[in-house]
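Counting along the sequence shown from 1, when you hit position 420 you're at 419 in numbering that gives the first Met the number 0, and nothing is skipped either side. By construction, the Cβ of each residue, glycine as well, lies at the ideal position given by its N, Cα and C atoms. To keep things clear, I will list the structure first and then write my remarks on it.
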Amino acid sequence: MEELKNRLSQIKVPRSNDRIYKDECVLSFDNPETPTGLYVSLTTFLSFGVDHVLNYFQKSGNAVFLHIKRTKHEIPADQREDGPDKKVTRLAIGTPDGFNPDLQKYTYEEQYQVVVMPNFTAFPYDDQLPEQVRMSVKAVLEAESALKVAEKEALAGTWDGEARILTKHTNLPQLNNGKKIPPNGWKCENCDLTTNLWLNLTDGSIMCGRKFYDGTGGNDHAVTHYKSTGYPLAVKLGTIGRDGKADVYSYDEDDMVEDPNLAVHLAHWGINIAQMEKTDKSMVELELELNQKFGEWIAMQEGTNKLTPLYGPGYTGLVNLGNSCYLNSVMQMCFVIPDFVERFVSKADEIFGQNLQDPPNDFNVQMAKLGVGLLSGKYSQPPETKTDDEGRQGIPPRMFKNLVGRGHPGFSSNRQQDAQEFILHLINILDRNSRHQTNPADSFKFKVEERYQCSSGKVKYTNRPEYLLPLPIPMDMVMNKDEVSAYELEKEKSGEDKSKFDPSQVVRPRIKLSSCLESFATPESIEQFYSTALNDKTTATKTTRLASFPDYLLIHLKKFTVKEDWTCVKLDVAIEMPDILDLNFLRGHGLQPTEELLPEASTPPPPPVYDQALLSELAEFGFPIEACKRALYFTQNQGKEAATQWLMEHISDEDFSNPFVPPGVDIKSDSSAFVPNQEALEMVMSMGFTKDQATKALKATNNNLERAADWVFSHASELDSIDMEVDSQPTEAPCRDGNGQYKLVGFVTHMGTSTMVGHYVCHLLKDGQWVIFNDEKVLLSEKPAKELGYVYLYQRLDK
């Protein structure tokens, strides 16, 4: 006890604003259920596993810890309160009605000790401890953990864990037409359907919903009714519960919404919400059911095959934290890249030692922690007995997810996100954290060469860095058109008798990757190109090639597109992806001896003129302002219809929302120089920075608001002596280059009809065999569905 009393001056009682890390080690994935338990510092309230606690003591001098040890005991099946395992009804992990494997299956026993370093001297948590120690321990145990606080902060402003906007129709006008809706026995007023029915809250009509991609659902009568009447809000009958929740859709807002006056709106039609019971599937439940039942889901699960689980170094899964499967798949793919391993895993001890002040908020620490967790094998152990739950192997990337998602409206939430967008988001963060060391994202970096030839016959070459190769999917190049037509006809004939329709035998349009590459390489016509040879706008031909070949090539198949009604749709196609890929035919060679470059502008080109009224109107539709400028420029301000049509056709362009520079204009010689995005400028200035400082930050980050916000805080010394003259641009490291032959080593697959729902899995070629990483489950893949991927990873072959 004397050893403890000598350290009393170090012991603190946590205050309300202190972050208490008691769920998981800040440097590893040890937790209270780990056999060696978890050590929580009673000075800083950081927690450490047994592998790191002694090193932390030696560097910090903080010697007193609360040791938490939790033991899990399985409840016999016949003694569980809720009987059989609860049915999953939501696309979420660890949330009510979602995937929650531990629910009612286990009891937990916790043991607490106070431990003093360096000898791990232990004292039981009882009345014999000094009062200061008891108060500290009690406050730690009663406090909400830092991870839960962070999750709550990230979900602020969401509803039921999903981002449902508050409808603008809270004061919805309702007709007094005498209709009263019975509590059951509903039927569509335009057909005989009795399921998937929607009650229009304006006139009380009951209509069937949209038809789903598998042929089930409704006959679109609710949508047709809205188009003819303009009545915007509808509630799905059968989803109304006495808790006041239900599926409410706003047709003019084109989204699922929250209606705070739902009870009032329902009462108008004689519906007492307090007496309602949920009897039908919500839209999220239906999406989950369809994903589990049809097409890609079956293919990715490789039919009914019982796949062999894998354990050990490199075979650790990542627990899904509320639709974080997009993050899980991307990070599994990253840590097969040698540069990531070298930067974060091999130097983990050095990174941990240098960043112990605030490790939960240090990107390098969390990347190292994740990499070590995935590759060490410590958290991927085979079950001791055959009765053990094999699916519980894996690590939860909570701290990493909270850190990389901070400040981002999508990645900070529990909603599903686009894996391709997350890759670019991660690369931005890597770039910000690699100013004085090697950036592992350089493994993906390559140069794109764009050649313009205008009507004068002269040419212009530009190069830009990229990290993914986006490939269009040419639906006019389908190889099995007759087979697809026969399949669609057979599916249509099956009608309501779904027993005749076998979803495991889906026939998809098949397209060769070579067709996608040809489409990418096909020259395109560029209107309104400013020719410095003619000093006027003209038409030019643009040809795109690769100026360098990276060590690892990420190929992004552009499967998501926009229909004429502006709704996002996923192309359900199979792309034949070769194991060995030769891209040498895409090599760009720059200026040729027979070509003549366009001259430098003798006078500055006239700045583009935009119809400001049209620009504002388009921006109000939700399009990025830079995209609106593009639309007005290329349609020559001809009107809203022409501009919106252009936006619809180009919404999937990679540069859609980038700062707009008219084609042919050299941004370096543009007399207008750098023009900050006005909205981004105001946002940075609202943080307390001057206009000049905010402009400098946006200039340094190419008008990227997220990066600019980070830049201003990390360049304080530069901002003290602002120089608004043209800055000398830092020398950019050359892209790696080599042979254009590649080998397929991984791919990420999305299952579902939208990037905002569904599920991601990752396949990796490891030790000569394909492995599927399906969140925490790591399995030997016997029939990897290579043709259904979304993002592919190719490794350059050495000659």
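Quick check on this structure: which residue in the options has the alpha carbon closest to the alpha carbon of residue i?
{"i": "Phe688", "options": "Val674, Thr700, Asn702 and Ala707", "result": "Ala707"}
{"i": "Asn401", "options": "Glu150, Pro604 and Lys186", "result": "Glu150"}
{"i": "Lys346", "options": "Ser328, Met366, Val329 and Leu763", "result": "Met366"}
{"i": "Thr748", "options": "Lys742, Leu556, Ala699 and Asp652", "result": "Leu556"}
{"i": "Lys178", "options": "Leu171, Pro662, Gln416 and Asn199", "result": "Asn199"}
{"i": "His800", "options": "Asn54, Glu32, Glu73 and Asp77", "result": "What is shown of the chain runs 0 to 798, which leaves residue 800 out entirely."}
{"i": "Asn30", "options": "Ala630, Tyr791 and Gly393", "result": "Gly393"}
{"i": "Asp254", "options": "Ala618, His168 and Gln452", "result": "His168"}
{"i": "His758", "options": "Arg629, His264, Val329 and Tyr793", "result": "Val329"}
{"i": "Gly456", "options": "Glu595, Phe559, Pro34 and Pro439", "result": "Glu595"}
{"i": "Val505", "options": "Ser484, Gln692 and Pro172", "result": "Ser484"}
{"i": "Pro381", "options": "Thr307, Phe445 and Leu423", "result": "Thr307"}
{"i": "Leu429", "options": "Asp417, Ala418 and Ser442", "result": "Ser442"}
{"i": "Asp338", "options": "Gly751, Asn413, Gly370 and Asn636", "result": "Gly370"}
{"i": "Val263", "options": "Tyr250, Asp251, Glu252 and Gly243", "result": "Gly243"}
{"i": "Thr521", "options": "Ile472, Ala62, Ala641 and Val52", "result": "Ile472"}
{"i": "Glu73", "options": "Tyr105, Ser651 and Ile350", "result": "Tyr105"}
{"i": "Pro623", "options": "Leu646, Lys480, Pro675 and Ile350", "result": "Leu646"}
From residue i to residue j, what does the alpha carbon distance come to, in whole angstroms?
{"i": "Ser530", "j": "Gln436", "result": "41 angstroms"}
{"i": "Glu625", "j": "Phe655", "result": "8 angstroms"}
{"i": "Tyr248", "j": "Arg241", "result": "19 angstroms"}
{"i": "Pro181", "j": "Asn271", "result": "10 angstroms"}
{"i": "Ile554", "j": "Ser135", "result": "53 angstroms"}
{"i": "Arg89", "j": "Gly208", "result": "Annotation note: pLDDT 39 at Arg89 (below 50); position unreliable, coordinate value reported separately. Taking the straight line from one Cα to the other gives about 20 angstroms."}
{"i": "Val335", "j": "Arg507", "result": "31 angstroms"}
{"i": "Glu616", "j": "Arg629", "result": "14 angstroms"}
{"i": "Lys695", "j": "Leu680", "result": "10 angstroms"}
{"i": "Tyr793", "j": "Asn319", "result": "26 angstroms"}
{"i": "Gly203", "j": "Asn260", "result": "16 angstroms"}
{"i": "Pro733", "j": "Pro606", "result": "32 angstroms"}
{"i": "Glu2", "j": "Gly60", "result": "14 angstroms"}
{"i": "Phe445", "j": "Pro123", "result": "59 angstroms"}
{"i": "Gln591", "j": "Tyr466", "result": "26 angstroms"}
{"i": "Leu425", "j": "Ala76", "result": "43 angstroms"}
{"i": "Val477", "j": "Cys515", "result": "11 angstroms"}
{"i": "Pro95", "j": "Gly321", "result": "Confidence in Pro95 is poor, its pLDDT being 41 and thus under 50, which makes the residue's placement unreliable; the coordinate value appears in the next sentence. Approximately 11 angstroms between the Cα atoms of the pair."}
{"i": "Val790", "j": "Lys782", "result": "18 angstroms"}
{"i": "Met275", "j": "Val256", "result": "20 angstroms"}
{"i": "Gln9", "j": "Leu41", "result": "8 angstroms"}
{"i": "Gln728", "j": "Ser518", "result": "Low per-residue confidence applies at Gln728: pLDDT is 41, beneath 50, and the placement is therefore not dependable, though the value from the model is reported in the following sentence. For Gln728 and Ser518, the distance between alpha carbons rounds to 35 angstroms."}
Taking DSSP as the reference, what is the three-state secondary structure of residue i?
{"i": "Val403", "result": "helix"}
{"i": "Asn322", "result": "coil"}
{"i": "Ser144", "result": "coil"}
{"i": "Thr700", "result": "coil"}
{"i": "Cys190", "result": "coil"}
{"i": "Ala121", "result": "strand"}
{"i": "Gln291", "result": "Below a pLDDT of 50, predicted positions are generally treated as unreliable, and Gln291, at 45, falls in that range; no measurement from the model is reported."}
{"i": "Phe445", "result": "strand"}
{"i": "His649", "result": "helix"}
{"i": "Gln356", "result": "coil"}
{"i": "Ser412", "result": "coil"}
{"i": "Asp430", "result": "helix"}
{"i": "Met206", "result": "strand"}
{"i": "Cys761", "result": "strand"}
{"i": "Gln9", "result": "helix"}
{"i": "Asn199", "result": "strand"}
{"i": "Cys453", "result": "strand"}
{"i": "Trp769", "result": "strand"}
{"i": "Arg18", "result": "coil"}
{"i": "Gly216", "result": "strand"}
{"i": "Arg69", "result": "strand"}
{"i": "His543", "result": "Reading off the sequence, residue 543 comes out as Thr, not His. If DSSP states are grouped into helix, strand and coil, Thr543 belongs with the strands."}
{"i": "Ala233", "result": "strand"}
{"i": "Phe362", "result": "helix"}
{"i": "Asp417", "result": "coil"}
What distance in whole Å lies between the Cβ atoms of residue j and residue i, which are believed to be in contact at a cut-off of 8 angstroms?
{"i": "Leu192", "j": "Asn218", "result": "7 angstroms"}
{"i": "Val744", "j": "Tyr314", "result": "Actually they are not in contact, since the Cβ atoms of Val744 and Tyr314 sit about 16 angstroms apart, beyond 8 angstroms."}
{"i": "Arg18", "j": "Ala145", "result": "4 angstroms"}
{"i": "Tyr107", "j": "Arg69", "result": "6 angstroms"}
{"i": "Ala539", "j": "Pro662", "result": "7 angstroms"}
Quick one: which unbroken alpha helix (DSSP H) runs of 4-plus residues sit fully inside the stretch 565-592? Chain order, please. Correct list: empty.
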